[in-house]
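Worksheet: the structure to be examined is printed underneath.
Given below as structure tokens:
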């Protein structure tokens, strides 16, 4: 299929990279949703600049309308995960969460095409000599937890498979401002084209990992686990949730497909919490799927209703109760939050199913909430209100 094939080439001089027909640079990518013929042609490389002359590398064209409109196969969607199939890479010990359709390689390609437009990096093309080689260093400019190194690998290899990326740190490392934790070496043009996108992923994921680690630190000594929610950036669901894992958290449902989560609007639409549970269980059983059910409760009376239903259905698929907004901010209470209602709800449930606290969760309140005895604590702020970690990439000419 045009613009969607893989080409195997030796990583020697010259190295083969993607260029658009009629362009003189390998840095002009084919934008998505446009049908433009692309070819592979050699880009010059100085002698000895290849990282490993015996290795085999892959170059891939960015998708056109024809490629992006077709249904992706499972093999294509899981291709980038293969590096975790037989043990984790040293710099990325935490594997990405599972998803049946998410293709990170495709997300990276779209992001590069968004950046390149029809002309490519006009600043780099006009100011940086084609044969110039460089080495750039990753530098943390704030304290935090680094994450997204494997995603940066993917960005650099997509732009130019002849770039050599070396990491001295790994995902999950806690770094201080001024820490150098990796380098990328090769074509200066390629490094500069990939720089911003690689940093965007790393800064965002590192910010989420840092926020998650701060929460887990406060919860030390309790049995509760911190969760994110679906309040992630559109198109970045998997990197956002991956960063939570790297920061020491646990993933909530990945999407709408892997857990039935009955919330207030579902209860209203179904005519009550018990009918909603019954409809959900019937659906799951008809589909013969192993999908757990979580039910949101907002009052102690709703908790009692669900527990009464569970008493009548010993084979219920309800595995978790969300105890929503059962905390109240109170400066006079320990940790600044009143958890008396939450404690009572946990006592009512008495371990029959898992419990999840939600609402008023901050670094200051999470300890008191965890001490209430809940199984999980969910916090949307982990992925929507974090502060990105400041990371720079400085290049030196070789």
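In my numbering, the protein residues as written are 1 to 398.
Cβ atoms here follow ideal geometry from the backbone N, Cα and C, with glycine treated the same way.
In this text, all values refer to a predicted model and were calculated from it rather than measured experimentally.
Since residue i and residue j should fall inside the 8 Å C-beta cutoff, what is the C-beta to C-beta distance between them, to a whole number of angstroms?
{"i": "residue 249", "j": "residue 227", "result": "7 Å"}
{"i": "residue 159", "j": "residue 190", "result": "5 Å"}
{"i": "residue 388", "j": "residue 207", "result": "4 Å"}
{"i": "residue 326", "j": "residue 291", "result": "With 8 Å as the limit, residue 326 and residue 291 do not qualify as a contact, their Cβ atoms being about 26 Å apart."}
{"i": "residue 163", "j": "residue 185", "result": "7 Å"}
{"i": "residue 284", "j": "residue 262", "result": "No, residue 284 and residue 262 are not in contact; Cβ-Cβ is about 12 Å, not under 8 Å."}
{"i": "residue 104", "j": "residue 238", "result": "6 Å"}
{"i": "residue 201", "j": "residue 155", "result": "7 Å"}
{"i": "residue 91", "j": "residue 176", "result": "With a Cβ gap of about 18 Å, residue 91 and residue 176 do not count as contacting."}
{"i": "residue 353", "j": "residue 319", "result": "6 Å"}
Are the Cβ atoms of residue i and residue j separated by less than 7 Å?
{"i": "residue 349", "j": "residue 373", "result": "no"}
{"i": "residue 377", "j": "residue 134", "result": "no"}
{"i": "residue 323", "j": "residue 299", "result": "no"}
{"i": "residue 209", "j": "residue 142", "result": "no"}
{"i": "residue 331", "j": "residue 368", "result": "no"}
{"i": "residue 288", "j": "residue 276", "result": "no"}
{"i": "residue 151", "j": "residue 174", "result": "no"}
Grab the span of the beta strand (DSSP E) containing residue i for me, first residue to last.
{"i": "residue 133", "result": "133 to 140"}
{"i": "residue 403", "result": "Beyond the ends of the chain as shown, which are 1 and 398, falls residue 403; an answer cannot be given."}
{"i": "residue 241", "result": "Premise fails: residue 241 lies in the alpha helix (DSSP H), 237 to 246, not in any beta strand (DSSP E)."}
{"i": "residue 181", "result": "180 to 187"}
{"i": "residue 108", "result": "No beta strand (DSSP E) contains residue 108, which is instead part of the alpha helix (DSSP H) from 104 to 116."}
Span of the alpha helix (DSSP H) holding residue i?
{"i": "residue 298", "result": "Counting along the chain, residue 298 falls outside any alpha helix (DSSP H), and DSSP gives it neither H nor E."}
{"i": "residue 149", "result": "149 to 159"}
{"i": "residue 284", "result": "273 to 287"}
{"i": "residue 341", "result": "340 to 349"}
{"i": "residue 126", "result": "122 to 127"}
Could you name the residues of the same chain whose beta carbon sits closer than 6 Å to that of residue i, not counting the 5 residues immediately before and after it, in chain order?
{"i": "residue 137", "result": "180, 183, 394"}
{"i": "residue 281", "result": "317"}
{"i": "residue 5", "result": "Because the pLDDT at residue 5 is just 31, under 50, the model does not fix this residue reliably, and the value given afterwards should be weighed accordingly. Answer for residue 5: no residue qualifies."}
{"i": "residue 83", "result": "89"}
{"i": "residue 390", "result": "141, 142"}
{"i": "residue 232", "result": "240, 383"}
{"i": "residue 379", "result": "361"}
{"i": "residue 172", "result": "246"}
Apart from the five residues just before and just after residue i, which ones in its own chain have a Cβ nearer than 8 Å to its Cβ?
{"i": "residue 69", "result": "Because the pLDDT of residue 69 is 36, which lies under 50, any placement of that residue in the model is unreliable, and the question is left without a value."}
{"i": "residue 221", "result": "none"}
{"i": "residue 71", "result": "Confidence in residue 71 is poor, its pLDDT being 41 and thus under 50, which makes the residue's placement unreliable; the coordinate value appears in the next sentence. Cβ neighbours of residue 71 beyond the five flanking positions: none."}
{"i": "residue 22", "result": "Interpretation of residue 22 is limited by its pLDDT of 33, a score under 50 that renders its predicted location unreliable; the figure taken from the coordinates is listed afterwards. Correct list: empty, nothing qualifies."}
Counting only the same chain and skipping the five closest in sequence on each side, list residues whose C-beta sits under 7 Å from that of residue i.
{"i": "residue 274", "result": "305, 309"}
{"i": "residue 107", "result": "235"}
{"i": "residue 73", "result": "A caution first: residue 73 carries a pLDDT of 45, below 50, which makes its placement in the model unreliable, though a value can still be read off. No residues qualify anywhere along the chain."}
{"i": "residue 370", "result": "219, 222, 224, 377"}
Original post:
Are three or more beta carbon pairs between the region 290 to 305 and the region 330 to 347 nearer than 8 Å?
Top reply: Contact between the region 290 to 305 and the region 330 to 347 is present, because at least three Cβ pairs lie under 8 Å.
**OP:** Answer yes if the region 185 to 201 comes into contact with the region 142 to 159, meaning at least three C-beta pairs across the two stretches below 8 Å, and no otherwise.
**Re:** yes
Original post:
Looking at C-beta atoms only, is the number of pairs between the region 198 to 215 and the region 231 to 250 that lie closer than 8 Å three or more?
Top reply: Contact check between the region 198 to 215 and the region 231 to 250: three or more CB pairs, one atom from each, fall below 8 Å, which counts as touching.
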